[in-house]
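Protein sequences, first through last, are from chains E and H.
If you count the first sequence from 1, position 269 lands on 268 in numbering that gives the first Met the number 0, and the numbers rise without skipping.
If you count the second sequence from 1, position 2 lands on 1 in numbering that gives the first Met the number 0, and the numbers rise without skipping.
Notes for the one structure printed next.
Protein chains: 2
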Amino acid sequence: MRFDDRKKRILSAIVETYIRTGEPVGSKTLSEFPEISVSPATVRNEMAALFEMGLLEQPHTSAGRVPSHLGYRAYIDSLMRVKPLTEDEKDGIDALFNISDPDPDKLLADSAEALAEYTGCATVAMTTTPSYVTVEHIDIVPADATTVVLLVIASNGVVKSKVCRLGFRVNTGIADFFRKFAKDRFCGHTLKDISAEFVNAVSIQLGEYSGVFNPLIVGIYELCKEVYDGQYYLGGQEKLLTYNEYSDRALEIMKLISKRDKLGPVIGNNPSGVTVFIGKENSLSQLSGSSLLVARFNIGENDCGTIGLIGPVRMDYSRLIPHLEYFAEKLGTLLSITYQRKTGDENG
Amino acid sequence: MRFDDRKKRILSAIVETYIRTGEPVGSKTLSEFPEISVSPATVRNEMAALFEMGLLEQPHTSAGRVPSHLGYRAYIDSLMRVKPLTEDEKDGIDALFNISDPDPDKLLADSAEALAEYTGCATVAMTTTPSYVTVEHIDIVPADATTVVLLVIASNGVVKSKVCRLGFRVNTGIADFFRKFAKDRFCGHTLKDISAEFVNAVSIQLGEYSGVFNPLIVGIYELCKEVYDGQYYLGGQEKLLTYNEYSDRALEIMKLISKRDKLGPVIGNNPSGVTVFIGKENSLSQLSGSSLLVARFNIGENDCGTIGLIGPVRMDYSRLIPHLEYFAEKLGTLLSITYQRKTGDENG
DNA sequence: TTTAGCACTCATCTCTTTCGAGTGCCAACA
DNA sequence: TGTTGGCACTCGAAAGAGATGAGTGCTAAA
Numbered sequence: 000m001r002f003d004d005r006k007k008r009i010l011s012a013i014v015e016t017y018i019r020t021g022e023p024v025g026s027k028t029l030s031e032f033p034e035i036s037v038s039p040a041t042v043r044n045e046m047a048a049l050f051e052m053g054l055l056e057q058p059h060t061s062a063g064r065v066p067s068h069l070g071y072r073a074y075i076d077s078l079m080r081v082k083p084l085t086e087d088e089k090d091g092i093d094a095l096f097n098i099s100d101p102d103p104d105k106l107l108a109d110s111a112e113a114l115a116e117y118t119g120c121a122t123v124a125m126t127t128t129p130s131y132v133t134v135e136h137i138d139i140v141p142a143d144a145t146t147v148v149l150l151v152i153a154s155n156g157v158v159k160s161k162v163c164r165l166g167f168r169v170n171t172g173i174a175d176f177f178r179k180f181a182k183d184r185f186c187g188h189t190l191k192d193i194s195a196e197f198v199n200a201v202s203i204q205l206g207e208y209s210g211v212f213n214p215l216i217v218g219i220y221e222l223c224k225e226v227y228d229g230q231y232y233l234g235g236q237e238k239l240l241t242y243n244e245y246s247d248r249a250l251e252i253m254k255l256i257s258k259r260d261k262l263g264p265v266i267g268n269n270p271s272g273v274t275v276f277i278g279k280e281n282s283l284s285q286l287s288g289s290s291l292l293v294a295r296f297n298i299g300e301n302d303c304g305t306i307g308l309i310g311p312v313r314m315d316y317s318r319l320i321p322h323l324e325y326f327a328e329k330l331g332t333l334l335s336i337t338y339q340r341k342t343g344d345e346n347g
Numbered sequence: 000m001r002f003d004d005r006k007k008r009i010l011s012a013i014v015e016t017y018i019r020t021g022e023p024v025g026s027k028t029l030s031e032f033p034e035i036s037v038s039p040a041t042v043r044n045e046m047a048a049l050f051e052m053g054l055l056e057q058p059h060t061s062a063g064r065v066p067s068h069l070g071y072r073a074y075i076d077s078l079m080r081v082k083p084l085t086e087d088e089k090d091g092i093d094a095l096f097n098i099s100d101p102d103p104d105k106l107l108a109d110s111a112e113a114l115a116e117y118t119g120c121a122t123v124a125m126t127t128t129p130s131y132v133t134v135e136h137i138d139i140v141p142a143d144a145t146t147v148v149l150l151v152i153a154s155n156g157v158v159k160s161k162v163c164r165l166g167f168r169v170n171t172g173i174a175d176f177f178r179k180f181a182k183d184r185f186c187g188h189t190l191k192d193i194s195a196e197f198v199n200a201v202s203i204q205l206g207e208y209s210g211v212f213n214p215l216i217v218g219i220y221e222l223c224k225e226v227y228d229g230q231y232y233l234g235g236q237e238k239l240l241t242y243n244e245y246s247d248r249a250l251e252i253m254k255l256i257s258k259r260d261k262l263g264p265v266i267g268n269n270p271s272g273v274t275v276f277i278g279k280e281n282s283l284s285q286l287s288g289s290s291l292l293v294a295r296f297n298i299g300e301n302d303c304g305t306i307g308l309i310g311p312v313r314m315d316y317s318r319l320i321p322h323l324e325y326f327a328e329k330l331g332t333l334l335s336i337t338y339q340r341k342t343g344d345e346n347g
């Protein structure tokens, strides 16, 4: 059976109509489409063929047809006409990022929220840190009689700080000693290396002072871990409630996507551009009723991150895919600037 | 009509049964309660009286009775027997706080999440900063050729830091100059004073360097604002979905409580202990189907915060109120320790 | 004051009927 | 050979009709 041009037009029309209305599409409706304009009976013959080919499904005998997962896949891969973004739409997304001097930590979380608001889907945003990233700089800044600020800078330019309150008074001598000690022990090591065991071993080297300095050592460990773990934020989970597809499954999906160890691996290993997982294509069975659009973005030359949309299988792919792509590109650019090591200035 | 002892026992039984089952309570069920043990007909007479008094409502003629808002109020204010926490329950809550060296910023957010998990309600946690709190200390720490860490310490002990990436190389001289400048201009002022206008005025004093240093000035402003605004976190919003009372209102409530400017004033101005807003007692009309349990806690001597539960009117007050009270007390204690200025050591 | 009795109400459940959108298939037609 | 009109058929959704039963209000007697 040939997947000829008219079959393609009919499949496209079914997908697009079903996305728009949420109702199974019948032969009469389709026959009225100008790009089809054959009788309902002919459409029915074609639909029967598309059903045979596994591209359509039938909720029940006397209902119209809905796209199967294969049908969506064929539509997305080759039939869909992606509408390029209008200048207005681009401006709309640009406006979301129109923040002066964004806080790198908040930018990703805010982006997830903004994207959810913009698309009406739940979103997830994540960054990962390559395993070769090292600790480049460690500092300890006395802020107060017994308070210090710990500072870790990683070789990918990420800076994290943490306030530590200590049980003793920190004078310059103590701070200088610890700073040198910490630099010697941590700098140059990859973040991956800095495990709980590593930290224990370092702590032991402090001998009798081990107990006193332990909060600081642990603090450094936590900062390194935070940098290495990267970020994981959700946005607009409540958007799922607006789709009646989720009437009773929303809670389950919300719980699932909040777990980085579940969703992280799925969205983290994808090529550049937008990857689409339609319904049952998702490796997580709970997502079989949802589609996942994932876009990877690059931060600087080495790091990368992922931002994804979660919504019903019946989502407007032709609109969302280009929007997500543009959004991810913008986000990557902005994060790159934010994290940029201005190494060119080093010698200036 | 006297609100006599038997009426009180019947109202209590209705409230407790309705909370447990979610079904209107009928005279036959009540007559079987050992503490009532009169015939259904007698119970009906009493129920008619309680209805007259506005303490009960009737979903429809042939259904049992449910408590009215007044009924809940009477129950909570004078009838309810609060079950003091068992040692096991106390241990359970203590365990939630069993974190070594908690990060003060994360503690509140984590607490909101833990409380939601523990109670099955949506939660909100907030802190406010008194208007007399001042900027006590400002520091700028070069971390990298063009990166500095800004540090603001407020007089209530809150420390906030922010990484600033600059377009120029920061040497010791520049850092020293700006540190002194910022200290002179900001320290001693209340956080409340540090408005956008204030910051503009300060910026102008930098004359030709105003543009160069502006990101830092703005950074300080943002840090001060962050400290002054305090924190606002939600937890377990998805818990609302587990109550069928919220089948279609969940989205609306979630949107509402995410807005600090809406919910903040309601929960922020309450006396110590647990305050209960039942259904229509809430000033926000969208919460008329929900109850709000709010507990204030003190951080140190001056600051205070609020943690609240949001759930259906039909919530287990006699269990939740003492639990929330104990939770808030623990949270306050832990935050007090975390934020404690060890001023006793200053001269040591 | 309490209680048994009784007629009444009304949401809920189940069963049936009706309705109609949509189908599959066949025969006729271009 | 592909297209179309015709027609019987299917089946979910909506509407209607009882039947059920939990619960009520009221009255009169204990």
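We put the beta carbon where it would ideally sit given N, CA and C, even for glycine.
Determine whether the Cβ of H136/E lies closer than 9 Å to any Cβ atom of chain H. Judged by the 9 Å Cβ criterion, H136/E is in contact with chain H.
Please state if the CB of N155/E and the CB of Y338/E are separated by a distance shorter than 9 Å. In this structure, the beta-carbon distance from Y338/E to N155/E falls below 9 Å.
Chain-ordered chain E contacts of E237/H [CB-CB under 9 Å]: Simply Q236, E237, A249, L250, M253, K254, S257.
Is the beta carbon of D102/H sitting closer than 9 Å to the one on K161/E? At the C-beta level, D102/H and K161/E come within 9 Å of one another.
Buried or exposed: where does E300/E fall if 16 or more other Cβ atoms within 10 Å of its Cβ makes it buried? Burial check for E300/E: the Cβ neighbour count within 10 Å stays below 16, so the residue is exposed.
Should P83/H go down as buried or exposed, given a rule of 16 or more other Cβ atoms within 10 Å for buried? By the neighbour-count rule (16 or more Cβ atoms within 10 Å), P83/H is not buried but exposed.
Quick one: Cα of G278/E to Cα of R164/E, how far? Distance between the alpha carbons of G278/E and R164/E is about 49 Å.
What runs of the alpha helix (DSSP H), each 4 residues or longer, lie entirely inside the stretch 164-241 of chain H? Correct list: 171-185, 195-203, 209-228.
Indicate whether T127/H and G310/H have their beta-carbon atoms separated by less than 9 Å. Cβ atoms of T127/H and G310/H: not closer than 9 Å.
Could you please tell me which residues of the stretch 1-18 of chain E, in chain order, have their CB closer than 9 Å to any CB of chain H? Listed in sequence order: no entries.
Endpoints, the alpha helix (DSSP H) within which E135/E is located: E135/E -> not in any alpha helix (DSSP H); beta strand (DSSP E) instead, spanning 134-141.
Going by DSSP, which residues form a beta bridge with T274/H? In the DSSP assignment, the residues bridged to T274/H are V293/H.
Could you pull out every unbroken beta strand (DSSP E) segment of at least 3 residues lying fully inside the stretch 80-132 of chain E, listed in chain order? If we require 3 residues or more, the beta strand (DSSP E) runs fully inside the stretch 80-132 of chain E come out as 121-127.
State the Cα-Cα distance for the pair E135/E and L150/E, rounded to the nearest angstrom. Approximately 11 Å between the Cα atoms of the pair.
Could you list which residues in chain E have their beta carbon closer than 7 Å to that of L348/H, in chain order? Residue 348/H lies beyond the residue range present for chain H, which begins at 0 and ends at 347; the question has no answer from this structure.
Nearest-angstrom Cα distance between S61/E and V24/E? Straight-line measurement puts the Cα of V24/E at about 11 Å from the Cα of S61/E.
Beta carbon of V123/H nearer than 9 Å to that of G307/H: For the 9 Å CB-CB criterion, V123/H and G307/H form a contact.
Name the DSSP bridge partner or partners of S67/E? DSSP, once it has assigned bridges, lists no residue as partnering S67/E.
Run through chain H and tell me which residues come within less than 8 Å of L150/E, C-beta to C-beta. Chain H residues near L150/E: V140, A142, V148.
Tell me the residue span of the alpha helix (DSSP H) that contains V148/H. Per DSSP, V148/H belongs to no alpha helix (DSSP H); it is in the beta strand (DSSP E), 146-153.
Classification of P66/H by the beta-carbon crowding that lies within 10 angstroms, buried from 16 upward: P66/H is buried by the Cβ-count criterion.
By DSSP, does P349/H sit in helix, in strand, or in coil? Residue 349/H cannot be examined here, being either before or after the span of chain H that is shown, 0 to 347.
Per DSSP, which residues does I252/H bridge with? Please list them. Paired residues: none, contrary to the question.
Counting C-beta neighbours from all protein chains within 10 Å, is the total for N368/H 16 or more, i.e. buried, or is it exposed? Past the boundaries of the shown model lies residue 368/H; chain H is included only from 0 to 347, so the question cannot be answered.
With distances taken Cα to Cα, identify the nearest neighbour of D315/H among K224/H, A249/H, Y71/H. It is Y71/H whose Cα lies nearest to the Cα of D315/H.
Per DSSP, which residues does L55/E bridge with? Please list them. According to DSSP, which records beta bridges pairwise, L55/E is partnered with P66/E.
Is the distance from the Cβ of L226/E to the Cβ of A153/E below 9 Å? The question names Leu, yet the displayed sequence has Val at residue 226/E. With a cutoff of 9 Å on beta-carbon distance, V226/E and A153/E are scored as near each other.
My guess is that L114/H and G234/H are in contact by the Cβ rule of under 8 Å, so how many angstroms apart are they, rounded? Going by Cβ atoms, the distance from L114/H to G234/H rounds to 6 Å, so yes, they are a contact pair.
Under the rule that 16 or more other beta-carbon atoms within 10 Å means buried, what is K159/H, buried or exposed? Looking at its Cβ environment, which holds 16 or more other Cβ atoms inside 10 Å, K159/H is buried.
For chain H, is any of its Cβ atoms less than 9 Å away from the one on E244/E? No - not a single Cβ of chain H is within 9 Å of the one on E244/E.
From S257/E to Y232/E, what distance separates their C-alpha atoms? If I take the Cα positions, the gap works out to 8 Å.
How long is the line joining the alpha carbons of L323/H and D87/H, rounded to whole angstroms? The alpha-carbon atoms of L323/H and D87/H are separated by roughly 15 Å.
Closest residue to K432/E among D76/E, A40/E, K27/E (Cα-Cα distance): Outside the displayed range of chain E (0 to 347) lies residue 432/E, so it cannot be described from this structure.
According to DSSP, is I75/H part of a helix, a strand, or is it coil? Helix, per DSSP.
Alpha carbon of Q230/E to alpha carbon of V201/E, nearest angstrom: Going by the C-alpha atoms only, they are around 27 Å apart.
Taking Cβ-Cβ distances shorter than 8 Å, what residues in chain H pair up with D260/E? Correct list: empty, because the minimum Cβ distance to chain H is about 17 Å.
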